[in-house]
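Novice:
Below is the structure:
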């Protein structure tokens, strides 16, 4: 029997990735890059790029997979020139996130790791359970941001 926690996480992840994809689908480069409520906010491209980068990192930590190379700061500087290429990259990154929850590795909620991408606490211990829940809630938060940004466009 599959782990019910991972099955639930897989469903929530899939729904969230689908909703994020809907928020960016069909947008022009200008729409993906635009910050509709001011320069101190993020456009759709930044929201999607950061959400996927973060999700992949936290899901890797949660599942015991190797941590991806990640430049968190660069996620907030992304500028789209080709919307089709952006969507292709989005789909590839979303597939990588989904694959992390399809692994045959058993989920060990008490396993401890660290999140080196956290500037303030890269060596702080984090459990796999916390990493999994944080991956899902953080992604969902940015899905909401993306949906509101799309409506503002």
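Residue numbers (the working numbering): 41 to 193.
Built from N, CA and C at the ideal position, the CB exists for glycine as well.
For the alpha helix (DSSP H) containing residue 137, list its first residue and its last residue.
Specialist: 123-140 is the span of the alpha helix (DSSP H), which, as asked, contains residue 137.
Novice: Express the C-alpha separation of residue 51 and residue 145 in angstroms, rounding to a whole number.
Specialist: When rounded, the distance between both Cα atoms is 18 Å.
Novice: Could you compute how far the alpha carbon of residue 167 sits from the alpha carbon of residue 59?
Specialist: So the two alpha carbons sit approximately 27 Å from each other.
Novice: Sort 175, 57, 89 by Cα distance to residue 72 and report the nearest one.
Specialist: Among 175, 57, 89, the Cα nearest to that of residue 72 belongs to 89.
Novice: Return helix, strand or coil for residue 103, following the three-state DSSP convention.
Specialist: Helix at residue 103.
Novice: Using C-beta distances below 8 Å, list every residue in its chain close to residue 162, excluding the 5 sequence neighbours before and after it, in chain order.
Specialist: The residues are 154, 155, 156.
Novice: In its own chain, which residues sit with a C-beta less than 6 Å from the C-beta of residue 134, not counting the 5 before and 5 after it?
Specialist: Excluding sequence neighbours, residue 134 sits near 57.
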